[in-house]
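Same order as they appear, the protein sequences are chains Z and G.
Quick note: to get my numbering, add 1019 to the position in the first sequence (first position is 1).
Quick note: to get my numbering, add 13 to the position in the second sequence (first position is 1).
The structure under discussion appears below in the form of structure tokens.
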Amino acid sequence: MTETAPHLLELQRVSKYFGNVIALHQITTSVRAGEVTCVLGDNGAGKSTLIKILSGVHKHDDGHFLIEGRDVSFGSPRAAKAAGIATVYQDLAMAPLMSIWRNFFLGSEPTTGWGPLRRLDVEGAKRTAIEEMSKMGIDVRDPEQPVGTLSGGERQSVAIARAVYFGAKVLILDEPTAALGVKQSGVVLKYIVAARDRGLGVIFITHNPNHAYPVGDRFVILKRGQSLGNFPKGEISRDELIQMMSGGAELEALAHELESVVRPEDIIARR
Amino acid sequence: MTTTSSAASTATAADVVSTTDERLARLSARQRLLVRPEFGALAGAFVVWLLFAWQAGSVWLSWQGTATYLDRSAGYGLTAVAVALLMIGGEFDLSAGVMTGTTGMFAALFAVHSGLNLWLAMALSLLIALFLGFLNGVMVIRSGLPSFIVTLGTFFALRGFNLWLTQQVTDKTQVTGIVDTGGHDIARKVFASNFVTIGGVGFRVSILWFAGMVAVGAWVLMRTRVGNWIFAVGGNRDAARMSGVPANATKIGLFMTVAVCGWVHGMVVLLQTNRSNVIEGVGQEFFFIIAAVLGGCLLTGGFGSIVGAGLGCLILGMTQQGIPLAGWNNNLYFLFLGVILLLAAFANEWIRRWARTASRPTVDVPDTAEVAHAAATRTTTDD
């Protein structure tokens, strides 16, 4: 995307306070259509608070939250959804014993007929679910399969495809790879790229820089509610990202400490 | 319903599997049948029917025998169908049984002791039932307590209230005299006549009510938006709410549906016996739950079948009538109930585990390198 393309979503020095606790302090970042912005941070860095502001659970206390250039402040998740912001939570909003197509259309079921004969458009729903999933590069063979029998990565894909189909412009993914193995994480990263290529702005929240770096166009690093920077991909390398994310100095101190506990001689002596 | 289409999709699915993913464990036709929630009840009903055809012989196979066990099954099914819907929605209603006596009592008191037309009395009784269902639902939703405990409370409260009120008015635990009230003849036709006579044997209209409830209940559950919501509020209430399903309204609606079906049940019993016995239905609440479990409904909600629950009622009705016809000791009925309940619950639990824990990859797993490449290609073209 060119730098002149308008921002789909922009945060300018957004802050959030809970009583006298500063949960987020002057966070600035943005996402354009067809871009992935990664929000990185360890546990307790303020990622959840940021998601909650973006998805309308909390209101920000300071700064500007802009959607397509307009200043907004969402009163409810429903309002955020109406503005085109879809959030895929870590514990996905799905019923495991229900089929793929029933979950896909949950809450927005297509109907046919009228009056007392108004009924689910089952065939249409199944067809749409298969089509939408295949646009994400997922081959669903049996839309009647219970969602609970899918793997973690596949369940993420259903949630992402659903958000895309129902008109999301900005897709927020809350730690989608946190509970997954290496291969399944790869599956999810592929879907993130697929959503990006379909013109969505993706906000990918993670604590894993190795997952963020290959897919991200922009990186925000959070630490204890503060932003350590808002970097376009060209301005930061993978190693720098890992360093900043984990607090390089702390890691070095830890390495020294570990060395003094487990000395190479001990390991040799034990053999 | 969708046999042809699912058969077709299975065929295409098999083709795709061979080309894309050899690790996918396909379900055979037999496995697919086994995990249908109503399969167990269908097989069970068939076995029970055969058992009594063998043990009770010609009596069982006669029109008289058939009419008797169908009538008995309807006696469970009038409420059990709604209880099954409620269970799929993730809740219990232990006051479902006492509702039979409650609605019958109110209709009889209004008609006999307030002098109202029986139809008006029945309408008032229906309003009370709707209110009680609403109350159950609201108490469960607002308190967040298990419905088991909340409806246990309403069950005892109603049981006590009904006995107290009736004794205050009639000095007995019965209300008699509805035969002479206005509108009784038509009401009896609607709720307690024979709808057909075959071979000199009358089949009661309650069997039609039962069949109609199964048909409507199954249609609502499988083919309407509300049905999808019922599955969802039972399977994952938070997910349902996050997806925009009116979760609380769905649950309250289900409690009210149970109350309405309890009212139909109450009217059928009232007009069949022409008097109201206020403890009618007490103790039946567990039979409704057994029928639902036999029909594949999970106690934890989110899964089950209305046709299955209907077949569950048929199993209960056939066994209850079959045991004396076969000349066995009546107490064996309860032994039988306990055993099949356990078997059905074990089978359901097995299905639930299968659906929850099995996680077989069904899509191609891309290489991480491929992802990195895809991302990189695009980045370079843009810069």
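Backbone N, C-alpha and C define an ideal beta-carbon position, used for all residues, glycine too.
As the structure is a computational prediction, the values presented were derived from the model and not from experiment.
According to DSSP, is residue i part of a helix, a strand, or is it coil?
i: E1173 (chain Z); result: helix
i: P1162 (chain Z); result: coil
i: L37 (chain G); result: Note that L37 (chain G) scores a pLDDT of 44, beneath 50, so its modelled location is shaky; the value from the coordinates is reported in the next line. Correct three-state label for L37 (chain G): coil.
i: L1273 (chain Z); result: helix
i: D84 (chain G); result: helix
i: S1279 (chain Z); result: helix
i: R373 (chain G); result: For R373 (chain G), the pLDDT reaches just 42, beneath the cut-off of 50, and the residue's location in the model is therefore unreliable, leaving the point undetermined.
i: A1114 (chain Z); result: coil
i: Q187 (chain G); result: strand
i: K1242 (chain Z); result: strand
i: S1049 (chain Z); result: strand
i: A1042 (chain Z); result: strand
i: F168 (chain G); result: helix
i: F119 (chain G); result: helix
i: P1251 (chain Z); result: strand
i: G173 (chain G); result: helix
i: N261 (chain G); result: helix
i: T1196 (chain Z); result: coil
i: L98 (chain G); result: helix
i: R1138 (chain Z); result: strand
i: G230 (chain G); result: helix
i: L354 (chain G); result: helix
For residue i and residue j, which I take to be in contact (beta-carbon distance under 8 Å), what is that distance rounded to the nearest angstrom?
i: V1239 (chain Z); j: N1249 (chain Z); result: 5 Å
i: T179 (chain G); j: T186 (chain G); result: 6 Å
i: A10 (chain G); j: W222 (chain G); result: Because chain G spans 14 through 396 in this model, residue 10 (chain G) falls outside it and cannot be assessed.
i: F268 (chain G); j: N149 (chain G); result: 4 Å
i: A304 (chain G); j: G325 (chain G); result: 4 Å
i: I1138 (chain Z); j: T1130 (chain Z); result: First, the amino acid is wrong: residue 1138 (chain Z) is Arg here, not Ile. Right, the Cβ-Cβ distance comes to about 6 Å (below 8 Å), so this counts as a contact.
i: G473 (chain G); j: T116 (chain G); result: Limits of chain G in this structure are 14 at one end and 396 at the other, which puts residue 473 (chain G) out of reach.
Output the boundary residues of the alpha helix (DSSP H) element that contains residue i.
i: E1151 (chain Z); result: 1141-1154
i: R288 (chain G); result: Per DSSP, R288 (chain G) belongs to no alpha helix (DSSP H); it is in the beta strand (DSSP E), 288-290.
i: C326 (chain G); result: 319-338
i: Q1031 (chain Z); result: It is not in any alpha helix (DSSP H) - Q1031 (chain Z) instead sits in the beta strand (DSSP E) that spans 1026-1037.
i: I1211 (chain Z); result: 1201-1216
i: D1236 (chain Z); result: Counting along the chain, D1236 (chain Z) falls outside any alpha helix (DSSP H), and DSSP gives it neither H nor E.
i: V153 (chain G); result: 131-156
i: V239 (chain G); result: 238-248
i: F52 (chain G); result: 52-68
Tell whether a beta-carbon distance below 9 Å holds between residue i and residue j.
i: M1113 (chain Z); j: A1178 (chain Z); result: yes
i: M331 (chain G); j: W67 (chain G); result: no
i: V1050 (chain Z); j: R1237 (chain Z); result: yes
i: G275 (chain G); j: G296 (chain G); result: no
i: L98 (chain G); j: F105 (chain G); result: no
i: L1199 (chain Z); j: G1171 (chain Z); result: yes
i: A120 (chain G); j: L327 (chain G); result: no
i: I1191 (chain Z); j: E1173 (chain Z); result: no
i: V227 (chain G); j: G323 (chain G); result: yes
i: E1054 (chain Z); j: R1257 (chain Z); result: no
i: V125 (chain G); j: I191 (chain G); result: yes
i: I1072 (chain Z); j: K1100 (chain Z); result: no
i: A1180 (chain Z); j: E1151 (chain Z); result: yes
i: I1046 (chain Z); j: G1065 (chain Z); result: yes
i: H1079 (chain Z); j: L1043 (chain Z); result: yes
i: V258 (chain G); j: G1126 (chain Z); result: yes
i: V291 (chain G); j: L354 (chain G); result: no
i: A142 (chain G); j: F300 (chain G); result: no
i: F1223 (chain Z); j: T1056 (chain Z); result: yes
i: G1244 (chain Z); j: I1086 (chain Z); result: no
i: V361 (chain G); j: L311 (chain G); result: Contrary to the premise, residue 361 (chain G) reads as Asn rather than Val in this sequence. Cβ distance < 9 Å, so N361 (chain G) and L311 (chain G) count as in contact.
Mind checking which residues open and close the beta strand (DSSP E) that includes residue i?
i: A1105 (chain Z); result: 1104-1107
i: T194 (chain G); result: Element bounds for T194 (chain G): n/a, residue is neither H nor E.
i: G215 (chain G); result: 214-217
i: D1081 (chain Z); result: 1081-1086
i: F1123 (chain Z); result: Element bounds for F1123 (chain Z): not the beta strand (DSSP E) but the alpha helix (DSSP H), 1119-1123.
i: V1076 (chain Z); result: It is not in any beta strand (DSSP E) - V1076 (chain Z) carries neither H nor E in the DSSP assignment.
i: L1059 (chain Z); result: 1055-1059
i: V1221 (chain Z); result: 1220-1225
I'd like to confirm something about residue i: is its beta-carbon nearer than 8 Å to some heavy atom of the ligand SAH, or not?
i: L137 (chain G); result: Among the components modelled here there is no ligand, and therefore nothing to report on the ligand SAH.
Residues of chain C with CB under 9 Å from residue i, in chain order?
i: V258 (chain G); result: As a matter of chain content, chain C is missing from the structure shown, whose protein chains are Z and G.
Q) Going along the chain, which residues of the region 1099-1118 of chain Z sit with their C-beta nearer than 7 Å to a C-beta in chain G? A) A1112, M1113, A1114, P1115, L1116, M1117
Q: Can you give me, in chain order, the residues of the region 1239-1266 of chain Z that have a beta carbon less than 9 Å from any beta carbon in chain G?
A: K1252, G1253
Q) Along the region 228-240 of chain G, what residues have a CB closer than 9 Å to any CB found in chain Z? A) W232, M235, R236, T237, R238, G240
Q. Listed from N- to C-terminal order along the chain, which residues in the region 90-109 of chain G have their beta-carbon within a distance smaller than 7 Å of any beta-carbon of chain Z?
A. none
Q.
Please identify, using Cβ separations under 8 Å, the residues of the region 1128-1139 of chain Z that lie next to chain G, in order along the chain.
A. E1128, T1130, R1137, R1138, L1139
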